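Colleague: First the structure, which I've put down as structure tokens, then a few questions once you've had a look.
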């Protein structure tokens, strides 16, 4: 492509409203432009990247045996009423009425439409399993759209839906999709992890998220340094420390701690290592318990995990922290002075807390703590549960190695949906015995436009984007220096442009007549992986100048060998 | 593709609500399914066709130098208010409000969005001309969606918008787009015509429609049998008959015609050839005329052309036929008895009428006609204009050959928009002198999903669809007979499937175990261009059976030569 015939829409300044680096660079490199809040136009340079991601996703989905379809963006309300989601979806669903006053939405997802299709088209177990996917524009009316295409309102998604005669068949396709997603992200050359995830609002029996690792990621992921184990931090199991609980080595004492209402204050003011302190968090009890409140104990430096706590029979869901007045009424002390000794409400201790000895905690009197508490002696042996978030260095729950925690950007999600939609919408097939059975379903998403932003979050430097080669908008930047003054430079550049293009190499040939500094900066900002500079100084010695986007320095390449050199570098 | 792993969703019965053959066949062949009125899901078989059309369009648009972008489907109302179309578009535009009560529409077209983009991104005449296109989902809330994807509400469109520093540059790109469209429809192997069109509601200075010819087409097209001339029938110029007006050969007489209120009745009851009769149509006059009504005269067998009539200075636009009461008040006779003799309102005669002699027309008295009327003698020489639709056999307006009239389906449209949007939205660039000039624009659409339906309207028979090869969902149907009983058949089929697939041939291999009749009927209905049958009867003689979709009979092909035979047939 000749740059003079192409929209090179680079910006010098970082737009003020772009908070994350991918959003900044996508604007600055001229990949996207904002139309309105959460709505972006893909400019030619950006669309090339998006289409390359799309092609890799499509090829691997086809290879997996999934069948591509294309469903309407606009969906009738009736189907959503059938599944019960018309009311549930809330303001995130963009709703509208047509000229006949019938209700529709701009589909945020397509479970209802595909289930409706399949209940009509699939009749027999012989047609199963079947996996249908589409790559299609979706709309979610985010309360606060941000981060450019990372959390846009209108976005491009690959969504797939599989149909099965039983759970075993679902699990088989689920594994195929897991492997397909790994192939997709491998081909995209992104560092990623499939992580165990909370199935969350869609509901279902098993799910994994695919995260592209990047410091700016919204989600924390825990993964083993010695195995495939990876899970969302909220979901990773925190094991008990190994070994037996150490025996008590000191007597319990009651200490005046008038100015210590937090663990940090306690540790700062007294000679108590934080690993010897315990936090007591009071939450609303469930109706199963003969008490209004329940105390949850975690070590001073650990974080309570709300998802884990909610799952306990004793705890009300959703989790609600007790108000100070409730706590005072039940215990007689404020939230800064609570502890297990003599506590009148049920106590559940985190696994780590249960293995502690000689620890300190509030004394259930304002301004006082107990130091040297020991279970069994000073307080009743507590009920024990996994209550906390895992931390860097924790043992991996699969028993292999230790956990590392990194941040990730969710770009894919695979779900075992089960019969949630097929039951609600009565989607059945006849089984081998001729009996109608409700189909079992899976669903599998990839945020195609979000992948582009995630790739940038993971791959950039101060100069700009560093594209993984398979999704770079162009492979090679061909930059002639002072072509308007040197016929030799111009002729060499034109000839190389022709030859390289004929080899199928995607060349961005900067024939705009810009100064070298502008060309170099533009091409680094855009992130073209390979750069070839043609100048008189080099040509005097028969050389051209090559530099890879991640290289520190350029190297001289003799003119006569440059095609072979580039074929080697680009692998063509 | 193995048919057992693929959604072959053929139907035996023609769905009741499908009026046109393409809609019937798209449902019966399992290409689409209806989700709601005017909303269709593309099934795997249909989507393959749609994507092939899309690919050809994209390749040729890229070759033309146009740059692909992707704009949001959802568009903010403000831009449409700026262009003045938010109010004008009426109920056809699907409107909605987001969670913050801001107004949006599901874009029926993208002039506003692209003009907004280009007024921000294009600064200098040096960046022009520029032509941006997208292939994207649009929505038009048709009052009466019908004919399947032919007139759906949600549809796939290629829309392009070009920007220029002056009209000459626009005209150059317009010509390039004309040629690009011709290449696209050539590659699609469709019989089509670029026709002169009425620019209509979008407004502009020049436009052509691209029509796929098909008997079921909604539009009538007139085109020369000896030149490139083609125009929408409404727009084609009707020339005057050659030669001078014949001299009068009889006296005018007043005849009682009490039962002849129409031309057909007059011709049926009296010895008047229809070519000797004149119809008098009374319409409202424009404000330029010193009368309320104007009489328009066309030959008895000709049709008044409303568009042509409206353009006359004497006639009010839009055209309004006068009520009987108005006519009686002005002329003293009813609409069935009008004519030019002694008429008290202005008369405009069609070119053909002006060349007639000895003709008959109403006498402006109820129940009476004049026969043998001659201009100049019995009635004043009239004002003359082109007032009628052209007819089959008329001379071509370009002077070359004669017109044929066929029906067409509009699948593309190219417009010279001029400055309609750029002026309203203040889209300027600096010209060579550094002066801001309003950009001149063109726009160019192809109804990608409609092309699929049009291709079927043009190419089908009683058995089903006959795809043009470049857009067939699969090139070859591989049909084994009784494979479940014959290992030889099964093995031969499997081996051929492998070999042909490795050659890159798109094979639909019917391994479902259906009876031969079902397989043959399905593949003809789906319209696969080539068919290869493998059966024991043929294999006994070392033969397979080949049949092209348009062939009357199948031919035997020796097993050992079949690959070469097919490569030759398929051109691979």
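Chains as they are written, first to last, in UniProt numbering: chain A, 1 to 572; chain B, 1 to 572.
Ideal placement from N, C-alpha and C gives every residue a C-beta, glycine not left out.
Model, not experiment: these values are computed from the prediction.
Taking residue 380 of chain B as the query, report the chain A residues whose CB atoms sit under 8 Å from its CB, ordered along the chain.
Modeller: Translated into the one-based positions of the second chain, residue 380 of chain B becomes position 380. Under the 8 Å cutoff, chain A gives no residues; its nearest Cβ is about 51 Å from residue 380 of chain B.
Colleague: The beta strand (DSSP E) that contains residue 294 of chain B, what's its start and end?
Modeller: On the second chain, position 294 is the one that residue 294 of chain B refers to. 293-299 is the extent of the beta strand (DSSP E) around residue 294 of chain B.
Colleague: Which of the residues in the segment 42-70 of chain A, read from start to end, lie with their CB under 9 Å from any CB of chain B?
Modeller: 42, 43, 44, 46, 47, 48, 50, 51, 65, 67, 68, 69, 70
Colleague: Is residue 458 of chain A near residue 218 of chain A, with beta carbons less than 9 Å apart?
Modeller: Along the first chain, one-based indexing puts residue 458 of chain A at 458. Along the first chain, one-based indexing puts residue 218 of chain A at 218. Going by C-beta atoms, residue 458 of chain A is not nearer than 9 Å to residue 218 of chain A.
Colleague: Starting from the beta carbon of residue 510 of chain A, find every residue of chain B whose beta carbon is closer than 9 Å, and list them in chain order.
Modeller: For this step, residue 510 of chain A is matched to residue 510 along the first chain. Those within 9 Å of residue 510 of chain A in chain B number zero; the least Cβ separation is about 14 Å.
Colleague: For chain B, is any of its Cβ atoms less than 9 Å away from the one on residue 5 of chain A?
Modeller: Counted from its first residue, the first chain places residue 5 of chain A at position 5. Yes, because at least one Cβ of chain B sits closer than 9 Å to the Cβ of residue 5 of chain A.
Colleague: Is the beta carbon of residue 340 of chain A within less than 8 Å of some heavy atom of the ligand FAD?
Modeller: Of ligands this structure carries none, so the ligand FAD is not represented either.
Colleague: Should the segment 82-89 of chain B be called in touch with the segment 105-112 of chain B, which here means at least 3 C-beta pairs below 8 Å?
Modeller: yes
Colleague: For the beta strand (DSSP E) containing residue 52 of chain A, list its first residue and its last residue.
Modeller: Counting from 1 along the first chain, the entry for residue 52 of chain A is found at position 52. Premise fails: residue 52 of chain A lies in the alpha helix (DSSP H), 44-63, not in any beta strand (DSSP E).
Colleague: From the DSSP secondary-structure annotation, give me the bridge partner or partners of residue 543 of chain B.
Modeller: In the second chain, counting from the first residue as 1, residue 543 of chain B sits at position 543. B:558.
Colleague: Between the Cα of residue 245 of chain A and the Cα atoms of A:432, A:359, A:26, A:170, which residue gives the shortest distance?
Modeller: Working through the first chain from its first residue, we reach residue 245 of chain A at position 245. Out of A:432, A:359, A:26, A:170, A:359 has the C-alpha closest to the C-alpha of residue 245 of chain A.
Colleague: What residues in its chain sit with their C-beta under 8 Å from that of residue 327 of chain A, if we drop five residues either side in the sequence?
Modeller: Taking the first residue of the first chain as position 1, residue 327 of chain A is located at position 327. Around residue 327 of chain A: 282, 293, 333, 334, 335, 338.
Colleague: Secondary structure at residue 76 of chain B, three-state DSSP: helix, strand or coil?
Modeller: Stepping through the second chain from its first residue, residue 76 of chain B is reached at position 76. Taken through DSSP and simplified to helix, strand or coil, residue 76 of chain B comes out as strand.
Colleague: Please list the terminal residues of the continuous alpha helix (DSSP H) segment that includes residue 425 of chain A.
Modeller: Counting from 1 along the first chain, the entry for residue 425 of chain A is found at position 425. That residue, residue 425 of chain A, is in no alpha helix (DSSP H); it is neither H nor E in DSSP.
Colleague: Residue 42 of chain B and residue 69 of chain A look like a contact to me (Cβ under 8 Å); what is the Cβ gap, rounded to whole Å?
Modeller: As a first step, residue 42 of chain B is located in the second chain; it is residue number 42 there, counting from the start. As a first step, residue 69 of chain A is located in the first chain; it is residue number 69 there, counting from the start. The Cβ separation is near 6 Å, so the contact holds.
Colleague: For residue 69 of chain B, does the three-state DSSP call read helix, strand or coil?
Modeller: On the second chain, residue 69 of chain B is found 69 positions in, with the first residue counted as 1. Coil, per DSSP.
Colleague: Give, in chain order, every unbroken run of the alpha helix (DSSP H) that is at least 4 residues long and sits entirely within the segment 98-123 of chain B.
Modeller: The qualifying runs are 111-121.
Colleague: Excluding the 5 residues preceding and the 5 following residue 49 of chain A in the sequence, name in chain order all residues of the same chain whose CB lies nearer than 6 Å to its CB.
Modeller: One-based indexing of the first chain puts residue 49 of chain A at position 49. Same-chain partners within the cutoff: 452, 471, 473.
Colleague: If you drop the 5 nearest sequence neighbours on each side, which residues of the same chain put their C-beta closer than 6 Å to that of residue 212 of chain B?
Modeller: Indexing the second chain from 1 puts residue 212 of chain B at position 212. Result list for residue 212 of chain B: 190, 192, 409, 411, 454, 458, in chain order.
Colleague: Measuring CB to CB, does residue 506 of chain A end up less than 9 Å from residue 1 of chain A?
Modeller: Residue mapping note: residue 506 of chain A aligns to position 506 of the first chain, counting from 1. Residue mapping note: residue 1 of chain A aligns to position 1 of the first chain, counting from 1. It is a contact, given that the beta carbons lie within the stated cut-off.
Colleague: Buried or exposed for residue 498 of chain A, going by 16 or more other Cβ atoms inside 10 Å?
Modeller: Translated into the one-based positions of the first chain, residue 498 of chain A becomes position 498. That one is exposed.
Colleague: What is the DSSP secondary structure of residue 274 of chain A, counted as helix, strand or coil?
Modeller: Translated into positions along the first chain, residue 274 of chain A becomes position 274. In the displayed model, residue 274 of chain A falls within a helix according to three-state DSSP.
Colleague: Which whole-angstrom value is the C-beta distance of residue 129 of chain B and residue 237 of chain B, which I expect to be below 8 Å?
Modeller: In the second chain, residue 129 of chain B corresponds to position 129, counting from 1. In the second chain, residue 237 of chain B corresponds to position 237, counting from 1. With 8 Å as the limit, residue 129 of chain B and residue 237 of chain B do not qualify as a contact, their Cβ atoms being about 31 Å apart.
Colleague: So, with DSSP's three-state summary, where would you put residue 200 of chain B?
Modeller: Locating residue 200 of chain B in the second chain gives position 200, where the first residue counts as 1. In this prediction, residue 200 of chain B scores a pLDDT of 43, lower than 50, which makes its location untrustworthy; no coordinate-derived value is stated.
Colleague: From this set, A:464, A:366, A:552, A:344, which residue's C-alpha is nearest residue 13 of chain A's C-alpha?
Modeller: Taking the first residue of the first chain as 1, we reach residue 13 of chain A at position 13. Ranking the options by Cα distance to residue 13 of chain A, first place goes to A:464.
Colleague: Does any residue of chain B have a CB that is nearer than 9 Å to the CB of residue 117 of chain A?
Modeller: For this step, residue 117 of chain A is matched to residue 117 along the first chain. Residue contact with chain B for residue 117 of chain A: present (Cβ-Cβ distance below 9 Å to some residue of chain B).
Colleague: Return the first residue and the last residue of the beta strand (DSSP E) that residue 509 of chain B is part of.
Modeller: Residue mapping note: residue 509 of chain B aligns to position 509 of the second chain, counting from 1. Element bounds for residue 509 of chain B: 507-509.
Colleague: Mapping the DSSP letters down to three states, classify residue 232 of chain A as helix, strand or coil.
Modeller: Taking the first residue of the first chain as position 1, residue 232 of chain A is located at position 232. Under the three-state reduction of DSSP, residue 232 of chain A is assigned to strand.
Colleague: Can you tell me whether DSSP reads residue 584 of chain B as helix, strand or coil?
Modeller: Look at the range of chain B in this structure, 1 to 572, and you will see that residue 584 of chain B is not part of it.
Colleague: List, in chain order, every chain B residue whose beta-carbon is nearer than 9 Å to that of residue 616 of chain A.
Modeller: Past the boundaries of the shown model lies residue 616 of chain A; chain A is included only from 1 to 572, so the question cannot be answered.
Colleague: So what does DSSP say about residue 262 of chain B, is it helix, strand or coil?
Modeller: The sequence position of residue 262 of chain B within the second chain is 262, counting from 1. Three-state DSSP puts residue 262 of chain B in coil, outside helix and strand.
Colleague: Would you report the Cα separation of residue 215 of chain B and residue 392 of chain B, rounded to the nearest angstrom?
Modeller: Here residue 215 of chain B refers to the residue found at position 215 when the second chain is read from its first residue. Here residue 392 of chain B refers to the residue found at position 392 when the second chain is read from its first residue. When rounded, the distance between both Cα atoms is 15 Å.
Colleague: Would you mind sorting residue 389 of chain A into buried or exposed? The rule is 16 or more other CB atoms within 10 Å of its CB.
Modeller: As a first step, residue 389 of chain A is located in the first chain; it is residue number 389 there, counting from the start. Counting the other CB atoms within 10 Å of its CB gives residue 389 of chain A a total of 16 or more, which places it among the buried residues.
Colleague: Is the CB of residue 147 of chain B under 9 Å away from at least one CB in chain A?
Modeller: Taking the second chain and counting its residues from 1, the one referred to as residue 147 of chain B is at position 147. Not an interface residue.
Colleague: Do you know offhand how far residue 351 of chain B's Cα is from residue 153 of chain B's?
Modeller: Here residue 351 of chain B corresponds to residue number 351 of the second chain, with the count starting at 1. Here residue 153 of chain B corresponds to residue number 153 of the second chain, with the count starting at 1. Spanning the two alpha carbons is a distance of roughly 42 Å.
Colleague: Would you say residue 150 of chain B lies against chain A (beta-carbon separation less than 9 Å)?
Modeller: Residue numbering aside, residue 150 of chain B sits at position 150 when the second chain is read from its first letter. By this cut-off, residue 150 of chain B is not an interface position.
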